[in-house]
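To start, the structure itself, in structure tokens.
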Ligand code: FES
Ligand SMILES: [Fe+2]
């Protein structure tokens, strides 16, 4: 059970909020490379409660600027891209990718007024087929070379899940909630899914010997040991990523009550070793919605429950736009959730002190970060083979 203040501390991510400041210490994906084209060179982005426009100018520079033009607030989504940047459609104020105002066309000849104008701008990088943004204080860190993202001995596939219409923290707490697998997903997922449980209340709970949670350098490993000797381990990569099997799921807050879920999947194989991570352009799959109507919230939407992700979305969204943790009743299997909340609070404190929080990497050419992908792939393939 948390107080309202503690719940706000963990969940609110707008500018100036403690968790918002923590999340602003990391790079986050904001779109796919193929989403900016000559025909459609601008794209609206809401991330961490900020309204922004991603654009590619005619010289190929990609920028991320505040949506509302500094002049009188029209949206830059409708700006015209030029060689030098993007010109607001309303009166033509021209901005480069760093937010410098290069021209205010209607001002008198020789005016230097434009030099006093600065549009809010964030750095953007292209990496494994996505544009990534950094919204924190300079100098920014590097994008970590997690194995799923940085290995070159195979191919990646990108997936965008349907928009999650609730707070990001609900999805993250689920990543350290191993007990739900044997109940919520008893018919469709996980170890032993090929046999129907005799008792639907207990589901497949009795297959499990124990749950363990261990803090590791990249976050938390949650471990399920089964009575038949199998073990599965899924790392929560701090602060907002789940790694299961061969994929990472990044839960990127759109605002306090909506979340984007970007998936990067890695398939080991002979191809890909010649590709630069900056130039890589994997296939992108947009996942079908899990509810109808797609923009409605519980109880005005109905979820389909025929696959694991749809079941998870049902559980997370029906907790409410932001779960009211003042009335929760945590039990023994929720100790991973308690550990994760403590780590978030601890790293918020580090951020406040001006230190780099957990998982921030500053060396440009750092080695690949092992998140135990190999172990998970063996476990995953082994389980598929054993049915
Ligand atoms: S509102 Fe953008 S140039 Fe005037
Ligand atoms: Fe789940």
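Residue numbers (the working numbering): 42 to 428.
Every residue, glycine too, gets a C-beta built ideally from N, C-alpha and C.
Legend entry - Span of the alpha helix (DSSP H) around residue 126: Here residue 126 belongs to no alpha helix (DSSP H); instead the beta strand (DSSP E) covers 126-128.
Inset, instruction - Using alpha carbons as the reference points, say which of 373, 46, 212 lies closest to residue 356. - result: 212
Inset, instruction - Label residue 70 either buried or exposed according to how many other C-beta atoms from any shown protein chain fall within 10 Å of its C-beta, with 16 as the threshold for buried. - result: buried
Legend entry - Reduced DSSP secondary structure (H/G/I, E/B, other) of residue 163: strand
Legend entry - Distance, residue 272 Cα to residue 48 Cα: 33 Å
Inset, instruction - Would you list the one or two residues that DSSP bridges to residue 267? - result: 249
Inset, instruction - Provide the residue(s) that pair with residue 332 in DSSP beta bridges, ordered along the chain. - result: 344
Legend entry - DSSP three-state assignment for residue 409, whether helix, strand or coil: coil
Inset, instruction - Just grab the DSSP bridge partners of residue 276 for me. - result: 262
Legend entry - Classification of residue 96 by the beta-carbon crowding that lies within 10 angstroms, buried from 16 upward: buried
Inset, instruction - Return yes when at least one heavy atom of ligand 2 lies under 7 Å from the C-beta of residue 275, else no. - result: no
Legend entry - Assumed close pair residue 314, residue 194 - CB separation to whole angstroms, cut-off 8 Å: 6 Å
Inset, instruction - Give the straight-line distance between the Cα atoms of residue 328 and residue 148, rounded to the nearest whole angstrom. - result: 48 Å
Inset, instruction - Please state whether DSSP places residue 284 in a helix, a strand or coil. - result: In the three-state reduction of the DSSP assignment, residue 284 falls in the strand class, which pools E and B.
Inset, instruction - Just list the beta strand (DSSP E) runs in the segment 84-109, keeping only unbroken ones of 3 residues or longer that don't cross its boundaries, in chain order. - result: 91-97, 103-107
Inset, instruction - Tell me where the alpha helix (DSSP H) around residue 48 begins and ends. - result: 45-52
Inset, instruction - Kindly confirm or deny that the segment 66-84 and the segment 411-418 touch, where touching means at least three C-beta pairs closer than 8 Å. - result: The answer is no - the segment 411-418 does not touch the segment 66-84, with fewer than three Cβ pairs under 8 Å.
Inset, instruction - Please confirm if the segment 171-178 is in contact with the segment 146-161, defined as three or more CB-CB distances below 8 Å between the two stretches. - result: no
Inset, instruction - Count the C-beta pairs between the segment 58-77 and the segment 172-189 that are closer than 8 Å, then say yes if the count reaches three, no if not. - result: In short, these stretches touch, since the Cβ pair count reaches three.
Inset, instruction - Measure the alpha-carbon distance for residue 45 versus residue 363 and round it to whole angstroms. - result: 11 Å
Inset, instruction - Check whether the Cβ of residue 228 sits closer than 7 Å to any heavy atom of ligand 2, and report yes or no. - result: no
Legend entry - residue 90 versus 293, 280, 387, 152, residue with shortest Cα-Cα distance: 293
Legend entry - Three-state secondary structure assigned by DSSP to residue 169: coil
Legend entry - 8 Å Cβ cutoff met for residue 326 and residue 88: Cβ atoms of residue 326 and residue 88: not closer than 8 Å.
Inset, instruction - Just tell me which of 259, 281, 389 has its CA closest to the CA of residue 209. - result: 281
Inset, instruction - Measuring from each Cβ to the nearest heavy atom of ligand 1, keep the ones under 7 Å and list them in chain order. - result: Close to ligand 1, as judged by a C-beta nearer than 7 Å to any of its heavy atoms, are the residues 110, 112, 113, 114, 115, 129, 131, 132, 133, 134, in chain order.
Inset, instruction - Would you be able to state if there are at least three C-beta pairs under 8 Å between the segment 247-266 and the segment 377-385? - result: Three or more beta-carbon pairs drawn from the segment 377-385 and the segment 247-266 are found closer than 8 Å, and the two stretches are therefore classed as touching.
Inset, instruction - Compute the minimum distance between the beta carbon of residue 285 and the heavy atoms of ligand 2, and state whether it is under 7 Å. - result: no
Legend entry - As assigned by DSSP and simplified to three states, the class of residue 394: coil
Inset, instruction - Examine ligand 2 and report whether any of its heavy atoms sits within less than 7 Å of the Cβ of residue 225. - result: yes
Legend entry - Proximity below 8 Å, CB of residue 338 to CB of residue 358: yes
Legend entry - With 16 other Cβ atoms within 10 Å as the buried cut-off, status of residue 150: exposed
Inset, instruction - Closer than 7 Å by C-beta to residue 301: which residues in its own chain qualify, once you throw out the five before and the five after it? Chain order, please. - result: 204, 293, 295
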